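Input: a single structure, listed below in structure tokens.
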Amino acid sequence: MTTSSTRQQVLVLYLSDSALDSHVVGWSRYDGTGRTSPTTGDSDEPPYETGVAALRDGWRLFQAAQLIPPYPGHEYDVSFLKHEFFFERIVT
Amino acid sequence: MARFVARGSLRLDAVVPAELNAEGLRVLADDVPPVPYGTPVSTAYPDGSFVRRLLELPQVAGALHSLVGPEPWVDHHFVHTREPHGGDAQALHGDAVIDVRPDAFDVQLMYYPQAVTLEMGGTLSVPGSHLRRTNESDTGRYQNLRGQDRLVCPAGTVVFLHHGLWHGGRRNDSDTLRYMFKIRFNPTVRQQRLWDTSDLHDPQVDAELDAMFPWYEGATGRLERYNRILLWRELTGDDGYDLDHWVTRATNRPKETAK
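Chains B and W are the protein sequences, given in the same order. Per the working numbering, the very first residue in the first sequence carries number 109; after that it's consecutive. Per the working numbering, the very first residue in the second sequence carries number 847; after that it's consecutive.
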């Protein structure tokens, strides 16, 4: 059990393309404070319209998805959302 | 059918009459004994049984025949319950193992014997996700997607899902125990022109197949249509079908030498 008084909140935004200012198509939240319990299917409206809007609100970006070319022969396959951006916010 | 190919689901609101729903609630409360994987419908559910009568309702029987044809196998069935103020939301998932059949699909019938409110946490599903090659709950990281469908429905609603559709039971924040009965069906015939195809060339078919969903990324959205065209060709037997030249131009390999 940590004695630190700060906790991390994590926001994941899935964007329309690889640009951070493209629009949000999906989102997930995780709350290290335990004050909220975000879960699957809990809201129909995204918290921000774009990735940059989250930056402007104080979220810090710490990971963006790599751009990986399709494997030969799998150019038309569809699978996971590709443009995943992780943000954090440290709160007391 | 074109709408099913685009969305991956077909919803029939309140097609089950009230008296059958009342019986259904009693049957589901007692659970439905399992049957071996791959049991023909007529063997799995005897004549006159509740489930058999549910499947014989004209709209249900018609939809099932259109999607998988006559005498499908019952892959498995399960009574899903969500306790009042209990349980967590299921992670977004597809059922069974990753299934990449390009020319066949299973359907999952979901029956709701009672009215489902938003608070009761009905099934979440993601329109247009069924052709994605993802395995079971690897999509669990996705909590919400634009255009997701949080099911709210009247009693007696039946929904058919393509086996690949991303879905999950939502958290029940109400005071009411919620029931859902699921049956997965495997086709036993080729799924080609099993439905009324008299309107196959109606412009609305193209419009349905061309649908975009708000959660699609720009680039991948085009691939979704490409893959739908291939599935539509399989279902109709029309190898030349296309939308906006997508498949035609990407497969065009002329063999004639210029004179």
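Yeah, the Cβ is synthetic: ideal placement off N, Cα and C, and Gly gets one too. In this text the structure is predicted, and so the values were computed from the model without any measurement.
Out of the options, which has the shortest C-alpha to C-alpha gap to residue i?
i                : options                               : result
L970 of chain W  : W:R996, W:H976 and W:R947             : W:R996
T147 of chain B  : B:V118, B:A162 and B:F188             : B:V118
E1070 of chain W : W:D893, W:A935, W:G908 and W:R979     : W:R979
G1064 of chain W : B:S124, B:I198, B:Y184 and B:V199     : B:S124
V132 of chain B  : B:V160, B:T200, B:Y179 and B:D165     : B:V160
D949 of chain W  : W:A1053, W:R1074 and W:I1029          : W:R1074
E192 of chain B  : B:L163, B:S136, B:S145 and B:T144     : B:S136
H939 of chain W  : W:S895, W:L900, W:T927 and W:H1009    : W:H1009
L856 of chain W  : W:P892, W:D876 and W:G908             : W:G908
G870 of chain W  : W:L901, W:Y1062 and W:V887            : W:L901
L1081 of chain W : W:N1018, W:L1046 and W:P880           : W:L1046
D139 of chain B  : B:A172, B:W167, B:R115 and B:F194     : B:R115
Y988 of chain W  : W:H1013, W:G1002 and W:L964           : W:H1013
D1088 of chain W : W:L1055, W:D1019, W:P1100 and W:A1104 : W:L1055
Y958 of chain W  : W:A860, W:K1101 and W:N1098           : W:A860
G166 of chain B  : B:S145, B:Y156 and B:A173             : B:Y156
R872 of chain W  : W:T1094, W:T1103, W:F1027 and W:Y1072 : W:F1027
L977 of chain W  : W:Y891, W:S983, W:D1085 and W:G854    : W:G854
Q1038 of chain W : W:R1079, W:E1102 and W:D945           : W:R1079
Q954 of chain W  : W:P1049, W:H1091, W:I1029 and W:W1092 : W:I1029
A848 of chain W  : W:D1048, W:P880, W:D877 and W:R899    : W:D1048
Y184 of chain B  : W:P918, W:N1098 and W:Y1072           : W:Y1072
S888 of chain W  : W:K1101, W:P879 and W:E917            : W:E917
Y923 of chain W  : W:S1044, W:A1104, W:D877 and W:P1100  : Looking at the sequence itself, residue 923 of chain W is His, so the reference to Tyr does not match. The shortest Cα separation from H923 of chain W among W:S1044, W:A1104, W:D877 and W:P1100 belongs to W:D877.
G915 of chain W  : W:T1034, W:I944, W:N1098 and W:A868   : W:T1034
S1020 of chain W : W:Q1050, W:G933, W:A868 and W:P880    : W:G933
P879 of chain W  : W:L910, W:V897 and W:D1052            : W:V897
H911 of chain W  : W:A868, W:D1042, W:G1002 and W:I944   : W:D1042
Measure how close the beta-carbons of residue i and residue j come, nearest whole angstrom, since I'm counting them as under 8 angstroms.
i                : j                : result
L1007 of chain W : M1058 of chain W : That pair is no contact at about 20 angstroms.
V962 of chain W  : V998 of chain W  : 6 angstroms
V1004 of chain W : V851 of chain W  : About 19 angstroms separates the two Cβ atoms, so there is no contact after all.
D921 of chain W  : G974 of chain W  : Contact flag wrong, Cβ pair sits at about 23 angstroms.
A942 of chain W  : G986 of chain W  : So it is not a contact: roughly 16 angstroms between Cβ atoms.
V1148 of chain W : L866 of chain W  : Outside the modelled stretch of chain W, which goes from 847 to 1105, sits residue 1148 of chain W, for which no answer is possible.
G134 of chain B  : L991 of chain W  : 4 angstroms
E929 of chain W  : L1077 of chain W : Not a contact, Cβ separation roughly 38 angstroms.
N1018 of chain W : H931 of chain W  : 7 angstroms
G993 of chain W  : W919 of chain W  : So it is not a contact: roughly 33 angstroms between Cβ atoms.
When the Cα atoms are used, what is the spatial distance from residue i to residue j?
i                : j                : result
R1036 of chain W : G1083 of chain W : 11 angstroms
L903 of chain W  : L1040 of chain W : 18 angstroms
T1066 of chain W : V186 of chain B  : 7 angstroms
L189 of chain B  : Y122 of chain B  : 7 angstroms
F170 of chain B  : G967 of chain W  : 33 angstroms
L175 of chain B  : S126 of chain B  : 8 angstroms
S112 of chain B  : E196 of chain B  : 17 angstroms
G149 of chain B  : R1016 of chain W : 6 angstroms
L858 of chain W  : Q960 of chain W  : 14 angstroms
P180 of chain B  : D952 of chain W  : 28 angstroms
P1000 of chain W : L128 of chain B  : 41 angstroms
A935 of chain W  : R1068 of chain W : 31 angstroms
Y891 of chain W  : R947 of chain W  : 28 angstroms
E965 of chain W  : S145 of chain B  : 16 angstroms
N1032 of chain W : P886 of chain W  : 9 angstroms
T927 of chain W  : E982 of chain W  : 20 angstroms
L1011 of chain W : I198 of chain B  : 36 angstroms
S895 of chain W  : S151 of chain B  : 39 angstroms
P178 of chain B  : P863 of chain W  : 50 angstroms
A899 of chain W  : D984 of chain W  : A small fix is needed here, since residue 899 of chain W is Arg in this sequence, not Ala. Roughly 36 angstroms separates the two Cα atoms.
V120 of chain B  : R164 of chain B  : 15 angstroms
S130 of chain B  : R168 of chain B  : 17 angstroms
V1093 of chain W : Q1050 of chain W : 20 angstroms
A162 of chain B  : F194 of chain B  : 11 angstroms
G1002 of chain W : A1053 of chain W : 29 angstroms
What does residue i pair with, by DSSP beta-bridge criteria?
i                : result
A172 of chain B  : B:F193
I1075 of chain W : Beta-bridge pairing links I1075 of chain W to no other residue.
M956 of chain W  : W:V1005 and W:K1028
I198 of chain B  : B:Q116
T158 of chain B  : B:H131
S971 of chain W  : W:D995 and W:H1013
S855 of chain W  : W:L1007
V962 of chain W  : W:C999
N1098 of chain W : Beta-bridge pairing links N1098 of chain W to no other residue.
N990 of chain W  : B:W135
H939 of chain W  : W:H1013
Any chance the CB of residue i is under 7 angstroms from a heavy atom of the ligand FAD?
i               : result
S888 of chain W : This structure simply doesn't include the ligand FAD, nor any ligand for that matter.
* Can you give, in chain order, each stretch of the alpha helix (DSSP H) that sits fully within the region 876-930 of chain W and has at least 4 residues? -> 887-890, 896-902 and 904-914
* **Contact residues within the region 913-938 of chain W, judged by C-beta distance below 9 angstroms to chain C** => The structure shown contains no chain C; its protein chains are B and W.
* In chain order, each beta strand (DSSP E) run of at least 3 residues that lies wholly inside the region 119-150 of chain B -> The qualifying runs are 132-139.
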